[in-house]
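Notes to accompany the following structure.
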Amino acid sequence: MTEPQTERVTSTLEAEVAGSAPIAEASLWSDAWKSLRKNPFFIVGSVLLLVFLVMALFPQLFTNADPRACDLSRSADGPSGSAWFGYDVQGCDYYANVVYGAKVSVTIGFLSMLGTLVIGVVVGAIAGYYGGWLDSVLARITDIFYGLPLILGAFILLSVLPDRGVPEVSLALIVFGWMTAMRLVRSTVVSVKDADYVQAARALGASTPRILIRHILPNAIAPVLVYSTIYIGTLIAAEATLTFLGIGLQLPEISWGLQINSAQNRLRDASHLILFPSAFLSLTVLSFILIGDALRDALDPKLR
């Protein structure tokens, strides 16, 4: 049982002994939720995110058109009543392509974030808990990866891979994106590993994995949650950047990055080809940033 849980149980027992009703202490998460419900940035971000998640999971709800059904006679035609976003260079319905592009972009964002959290949490927990030479070695390895920016590192790795699909792009973003999560978890573990409730768990014979999972890592949830929410938007933008540079996803995948890449030379005569996927990409990234900022304010009592 963690220290906050112990305090809540103690206060409840004292109230019952005194004959009064149990005291319902507000937890960090209940206070945060009350704050989030009143935050307009969280509401706007959540609505946008919900729309894009539904679009990624169920694109048929947004369009009945086949994104791969093309007619070259309509190549690069502008928006009209029959095609809201016009047609792409191949004469395919551009609205359908933009809608179906959400699936790949959002999938890469979540896969990459999951991978970075797994590596960051495991390495950070080990480094912070054991300390000493192991902490120093892991810290130096982290510094080496920090030496390569995310885009540049992913660019180099993808350039030597034979295929560049969703798994490969996600892997490249994971390999060069886990370091900040590691440092967040490590700093939290270092700050609480000598706390009284952790020492009590050790004295009672709790194993190291149990101490880490039940008593130490819960304290890292708040900062890691804020970081991961904002970072998903960064990863989605990174995938689009890599694809725009020609080193990311390859056809026949459908993604916003590929659409922007194919439209980069048609800005003057067919600006809709770059406008719509760029707008959807920007709104998706914005939704994660808005939610992340709102979570940061809600989970930090000093910022309320």
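Add 938 to a position in the sequence shown, counting from 1, and you land on the number used in our numbering.
Just so you know, even glycine gets a beta-carbon here, dropped at the ideal spot from N, CA and C.
Quick caveat, the model's predicted, so the values are computed rather than measured.
Under three-state DSSP, which class holds residue i?
i, result
"D1031", "strand"
"A962", "With a pLDDT of only 38 at A962, under 50, the local geometry of the prediction cannot be trusted, and the value read off the model is given with reservation. Here A962 sits in coil by DSSP."
Buried or exposed for residue i, please, with buried defined as at least 16 other CB atoms from any protein chain shown within 10 angstroms of its CB.
i, result
"A1063", "buried"
"V1127", "buried"
"Y1084", "exposed"
"S1018", "exposed"
"V1130", "buried"
"F996", "exposed"
"I1229", "buried"
"R975", "exposed"
"L1072", "exposed"
"R1124", "buried"
"P1100", "exposed"
"T1146", "exposed"
"S1050", "buried"
"W971", "exposed"
"G983", "buried"
"V1061", "buried"
"G1184", "exposed"
Taking 8 Å as the limit between beta carbons, can you name the residues of its chain near residue i, skipping five residues before and five after?
i, result
"E1191", "V1042, G1103 and V1104"
"V1036", "F1023, W1194, Q1197, F1214, P1215 and F1218"
"S1011", "G1029"
"S1223", "Per the sequence shown, residue 1223 should be read as Val rather than Ser. G1171, T1172, I1174 and A1175, listed in sequence order."
Taking 6 Å as the limit between beta carbons, can you name the residues of its chain near residue i, skipping five residues before and five after?
i, result
"Y1178", "Looking at the sequence shown, residue 1178 is not Tyr but Ala. Once the five neighbours on either side are set aside, the close Cβ partners of A1178 are W1194, G1195 and L1219."
"Q1028", "C1008"
"G1047", "I1170, L1173 and I1174"
"G1066", "R1124, V1127 and V1128"
"T1054", "I1112, G1115, W1116 and A1119"
"A994", "A1040, K1041 and V1044"
Please return the same chain residues whose Cβ sits closer than 7 Å to the Cβ of residue i, not counting the five positions on each side in sequence.
i, result
"V1164", "G1230, L1233, R1234 and L1237"
"F1114", "F1083, L1086, L1088, G1091 and A1092"
"Y1038", "P997, P1005 and I1192"
"G1016", "G1024 and H1210"
Please give the ranges of any alpha helix (DSSP H) in the region 1149-1231, keeping only runs that are unbroken, at least 4 residues long and fully inside the region. 1159-1182 and 1194-1201
Does the contact criterion of 3 or more C-beta pairs under 8 Å hold for the region 1138-1145 versus the region 1074-1092? no
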